[in-house]
Amino acid sequence: MPDRLQYRISPAVASTELDGEVTILDPRSGLYFGLEDVGGEVWRLLARPHTVRGICAALMDRFEVGPEECESDVVELLQELVDRGLVEVV
Amino acid sequence: MRVRVERADHVGPDGWSYTPPDAEYGYGEGTARLILAGDTITVRLRPDVDESIARLLVLGPGIAGILSRTLPVVHGTTLRTPVGDVLVVGPSGMGKSTLAATWVARGASLVADDISALDGHCVRPGVPFLKLWEDTARAFGHDPASLDRIHPDHAKYRVRVPFAEGPRPLARVLLIERSERFERVSGSEALLHLLANHRLPEILTPEGNARWLDAMSGLVRRVPVFRVGLPGPLDALQAVVARVESVS
């Protein structure tokens with residue numbers, strides 16, 4: 007996953023936040039998902055295009071996590087979100 | 002809003018197809034089709050199909066589709082009760098209408114059956130009818146012979162019930178299910194259950210779905226939400242209603 011790629015929330019997807027948890031609806035499939043904690047924070051960041059490195063820089067300010075662990079977790083989450091069509095490469 | 006019924010030999014496949022805000026819904030194994038285009042609802046029926054199907058489609062997915070363009074709509078029935086307006090949400094066949102009939106028999110009135118459209122903090126009033134199976138209609142003192150059948154193949158009838166005057170803010174949400182449960186649920190859990198009863202996410206624009214989610218998360222912040230298991234027997238439903246009216 008080259009670092010120059012930028013990710014953002016797919017335009018068709020709707021989401022809202024309640025009690026610190028992000029709830030996501032994909033109207034194309036009718037499926038819905040919840041993201042808590044770090045996942046929720048990544049989702050908030052993806053409201054604007056971000057690279058993996060940009061996301062990790064923001065996360066490392068807020069959570070106790072090292073750069074390597076952060077990058078592998080973020081890459082894994084982004085891959086899942088992209089596979090489900092919730093997030094797209096700009 | 003105009004409603005048109007026409008006849009055609011071929012009406013196309015079942016299910017939704019959509020180009021928001023317009024949409025089409027095929028029904029009954031290629032025998033009927035609902036078309037929502039601009040401000041017109043068209044029902045296209047095969048020549049051998051009973052005209053009652055047109056009313057079923059217009060009053061169900063037709064109204065839901067049109068309302069969904071401007072208001073968040075859930076698959077639920079709303080009643081005006083002594084504890085305020087109660088939105089009863091759950092999939093078809095779970096007992097929403099039977100619970101509603103039980104409540105009406107205790108003095109509640111109907112705000113909206115099966116399609117509840119949120120207008121601010123209120124549910125917009127629908128039409129003053131419940132759809133009841135023959136046994137349920139009889140149990141509540143109605144004679145099926147004097148009622149309109151809603152579908153030629155099913156013993157389900159339109160029953161006129163007392164109707165609530167004007168909109169009022171919702172006071173409770175009940176998420177109904179088959180269980181013995183009766184418990185208050187948190188905001189995010191409640192929201193996920195409401196999402197499962199979002200009627201038509203596919204036909205909304207992205208902005209429409211964002212509005213829907215915002216409206217529902219506002220609702221579960223303001224209003225107590227309960228997961229409520231419905232028992233089968235009618236007399237046991239009385240106890241559920243009494244419990245909802247006594248819990249805060």
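Protein chains in written order, with our numbering: chain A, 7 to 96; chain B, 2 to 249.
Just so it is clear, CB atoms sit at the ideal spot from N, CA and C, and this is done for glycine as well.
Item checked: Buried/exposed call for Thr79 (chain B), threshold 16 Cβ in 10 Å -> Your numbering for residue 79 (chain B) matches position 78 in the second sequence. By the 10 Å Cβ count, Thr79 (chain B) comes out buried.
Item checked: Coarse secondary structure for Thr137 (chain B), derived from DSSP in three states -> Counting from one through the second sequence, the residue named residue 137 (chain B) turns up at place 136. It is helical.
Check: Based on Cα-Cα distance, which residue from B:Ala216, B:Val248, B:Ala197 lies nearest to Pro33 (chain A)?
Finding: The residue given as residue 33 (chain A) occupies position 27 in the first sequence. For the residues B:Ala216, B:Val248, B:Ala197, the minimum Cα distance to Pro33 (chain A) belongs to B:Ala197.
Note to self: Below 9 Å on C-beta distance, what does Val221 (chain B) contact in chain A?
What the structure shows: The residue you call residue 221 (chain B) lines up with position 220 of the second sequence. Residues of chain A passing the Cβ test: Leu24.
Notebook entry, point to check: What are the uninterrupted segments assigned as beta strand (DSSP E) that are 3 or more residues long and contained completely in the region 90-177 of chain B, given in chain order?
Noted result: 110-113, 116-120, 130-134, 149-152, 155-161
Check: At least one CB of chain A closer than 9 Å to the CB of Leu192 (chain B): is that the case?
Finding: By one-based count along the second sequence, residue 192 (chain B) stands at place 191. By this cut-off, Leu192 (chain B) is an interface position.
Next item on the list: Note down the Cα distance separating Ile116 (chain B) from Pro126 (chain B), rounded to an integer number of angstroms.
Entry: Start at 1 with the first residue of the second sequence, and residue 116 (chain B) comes out as number 115. Start at 1 with the first residue of the second sequence, and residue 126 (chain B) comes out as number 125. Near 10 Å, if we compare the C-alpha coordinates of Pro126 (chain B) and Ile116 (chain B).
Item checked: Neighbouring residues, chain A, relative to Pro202 (chain B) (Cβ below 7 Å) -> What you label residue 202 (chain B) is simply residue 201 of the second sequence in a count that begins at 1. Leu31, Pro33, Gly36, listed in chain order.
Check: Between B:Val224, B:Glu135, B:Ala65, B:Glu181, which lies nearest to Val241 (chain B) when the distance is taken from Cα to Cα?
Finding: Translated into the one-based positions of the second sequence, residue 241 (chain B) becomes position 240. Checking every option, the nearest Cα to that of Val241 (chain B) belongs to B:Glu181.
Check: Can the beta-carbon of Val12 (chain B) be found less than 9 Å from the beta-carbon of Gly31 (chain B)?
Finding: Sequence index remark: in the second sequence, residue 12 (chain B) carries index 11 (1-based). Sequence index remark: in the second sequence, residue 31 (chain B) carries index 30 (1-based). Contact flag set, yes.
Notebook entry, point to check: Just the Cα atoms here: how many angstroms apart are Leu37 (chain A) and Asp15 (chain B)?
Noted result: Position 31 of the first sequence holds residue 37 (chain A). Position 14 of the second sequence holds residue 15 (chain B). Taking the straight line from one Cα to the other gives about 21 Å.
Item checked: Beta-carbon proximity check, Ile177 (chain B) vs Gly230 (chain B), cutoff 9 Å -> Stepping through the second sequence from its first residue, residue 177 (chain B) is reached at position 176. Stepping through the second sequence from its first residue, residue 230 (chain B) is reached at position 229. It is a contact, given that the beta carbons lie within the stated cut-off.
Note to self: So if DSSP puts Ala24 (chain B) in a beta bridge, which residue, or which two residues, is it bridged to?
What the structure shows: On the second sequence, position 23 is the one that residue 24 (chain B) refers to. Ala24 (chain B) is bridged to B:Tyr19, B:Leu37.
Check: So, Tyr19 (chain B) versus Pro62 (chain B), is the Cβ gap smaller than 9 Å?
Finding: Residue mapping note: residue 19 (chain B) aligns to position 18 of the second sequence, counting from 1. Residue mapping note: residue 62 (chain B) aligns to position 61 of the second sequence, counting from 1. For Tyr19 (chain B) and Pro62 (chain B), no; Cβs fall outside 9 Å.
Notebook entry, point to check: Under 9 Å, do Leu35 (chain B) and Val74 (chain B) count as touching if we go by C-beta distance?
Noted result: By one-based count along the second sequence, residue 35 (chain B) stands at place 34. By one-based count along the second sequence, residue 74 (chain B) stands at place 73. Result no, Cβ atoms of Leu35 (chain B) and Val74 (chain B) do not sit closer than 9 Å.
Next item on the list: Note down, in chain order, each residue of its chain lying with its Cβ closer than 8 Å to the Cβ of Ile54 (chain B), except the 5 sequence neighbours on either side.
Entry: Numbered from its first residue, the second sequence carries residue 54 (chain B) at position 53. Correct list, in chain order: Tyr28, Gly29, Thr32, Ala33, Val44, Leu46, His152, Pro153.
Check: What does Pro278 (chain B) reach in chain A if we use C-beta pairs closer than 8 Å?
Finding: For chain B, the structure presents residues 2 to 249; residue 278 (chain B) sits outside this window and is missing.
Next item on the list: Can you give me the Cβ contacts of Val186 (chain B) inside the same chain, cut-off strictly under 6 Å, excluding the 5 residues immediately before and after it?
Entry: On the second sequence, residue 186 (chain B) is found 185 positions in, with the first residue counted as 1. If we look at Val186 (chain B) and ignore the five residues flanking it on each side, its Cβ neighbours are Val226, Arg228.
Next item on the list: Tell me whether Met217 (chain B) is buried or exposed, calling it buried when 16 or more other Cβ atoms sit within 10 Å of its Cβ.
Entry: What you label residue 217 (chain B) is simply residue 216 of the second sequence in a count that begins at 1. Buried is the call here.
Note to self: Between which residues of its own chain and Gly96 (chain B) is the CB-CB distance below 6 Å, once the five residues before and five after are set aside?
What the structure shows: As a working mapping, residue 96 (chain B) is identified with position 95 in the second sequence. Here the set comprises Leu231.
Note to self: Between which two residues does the beta strand (DSSP E) holding Leu196 (chain B) run?
What the structure shows: For the purposes of this step, residue 196 (chain B) is taken as residue 195 along the second sequence, with counting starting at 1. No beta strand (DSSP E) holds Leu196 (chain B); the alpha helix (DSSP H) holding it covers 188-196.
Notebook entry, point to check: With distances taken from CA atoms, which of A:Ile30, A:Leu11, A:Asp25, A:Glu23 is nearest Pro17 (chain A)?
Noted result: The sequence position of residue 17 (chain A) within the first sequence is 11, counting from 1. Nearest C-alpha to Pro17 (chain A): A:Ile30.
Item checked: Residue range of the beta strand (DSSP E) that includes Asp32 (chain A) -> Along the first sequence, one-based indexing puts residue 32 (chain A) at 26. Looking at the DSSP string, the run of the beta strand (DSSP E) that includes Asp32 (chain A) is 27-32.
Check: What is the residue span of the beta strand (DSSP E) that Ala20 (chain A) lies within?
Finding: For the purposes of this step, residue 20 (chain A) is taken as the residue at position 14 of the first sequence. Segment 20-24, the beta strand (DSSP E) holding Ala20 (chain A).
Margin query: Checking 9 Å against the spacing of the C-beta atoms, do Val80 (chain A) and Val48 (chain A) come in under that value?
Written below: Numbered from its first residue, the first sequence carries residue 80 (chain A) at position 74. Numbered from its first residue, the first sequence carries residue 48 (chain A) at position 42. Yes.
Next item on the list: Give the range of the alpha helix (DSSP H) segment to which Glu184 (chain B) is assigned.
Entry: As a position in the second sequence, residue 184 (chain B) is number 183, starting the count at 1. Glu184 (chain B) -> not in any alpha helix (DSSP H); beta strand (DSSP E) instead, spanning 183-185.
Note to self: Taking the beta strand (DSSP E) that Val59 (chain B) belongs to, which residues open and close that run?
What the structure shows: Here residue 59 (chain B) refers to the residue found at position 58 when the second sequence is read from its first residue. Unbroken run through Val59 (chain B): none, as it is neither H nor E.
Next item on the list: Since I believe Val162 (chain B) is in contact with Val250 (chain B) (beta carbons under 8 Å), could you give me their beta-carbon distance rounded to a whole number of angstroms?
Entry: With chain B covering only 2 through 249, there is no way to say anything about residue 250 (chain B).
Next item on the list: For Gly188 (chain B), return the contacting residues in chain A, with the cut-off set at a CB-CB distance below 9 Å.
Entry: Taking the first residue of the second sequence as position 1, residue 188 (chain B) is located at position 187. Those within 9 Å of Gly188 (chain B) in chain A are Leu24, Asp25, Glu27.
Next item on the list: For Leu214 (chain B), name the three-state secondary structure that DSSP assigns.
Entry: Taking the first residue of the second sequence as position 1, residue 214 (chain B) is located at position 213. Three-state result, Leu214 (chain B): helix.
Next item on the list: Could you tell me which chain A residues have their CB closer than 8 Å to the CB of Leu196 (chain B), listed as they occur along the chain?
Entry: Taking the second sequence and counting its residues from 1, the one referred to as residue 196 (chain B) is at position 195. Thr29, Leu31, Tyr38, listed in chain order.
Checklist line | Buried/exposed call for Leu65 (chain A), threshold 16 Cβ in 10 Å | finding: Locating residue 65 (chain A) in the first sequence gives position 59, counting from the first residue. By the neighbour-count rule (16 or more Cβ atoms within 10 Å), Leu65 (chain A) is buried.
Next item on the list: In the DSSP assignment, find the unbroken beta strand (DSSP E) run with Gly40 (chain A) in it and report its ends.
Entry: Counting from one through the first sequence, the residue named residue 40 (chain A) turns up at place 34. Note, Gly40 (chain A): beta strand (DSSP E), 37-41.
Next item on the list: Using a Cβ cut-off of 8 Å, pull out every chain A residue sitting near Ala113 (chain B), in sequence order please.
Entry: Taking the second sequence and counting its residues from 1, the one referred to as residue 113 (chain B) is at position 112. None at all; the shortest Cβ gap to chain A is about 23 Å.
Checklist line | Cβ pair Val1 (chain B), Pro168 (chain B) closer than 9 Å | finding: The question about residue 1 (chain B) has no answer, for chain B in this structure spans 2 to 249.
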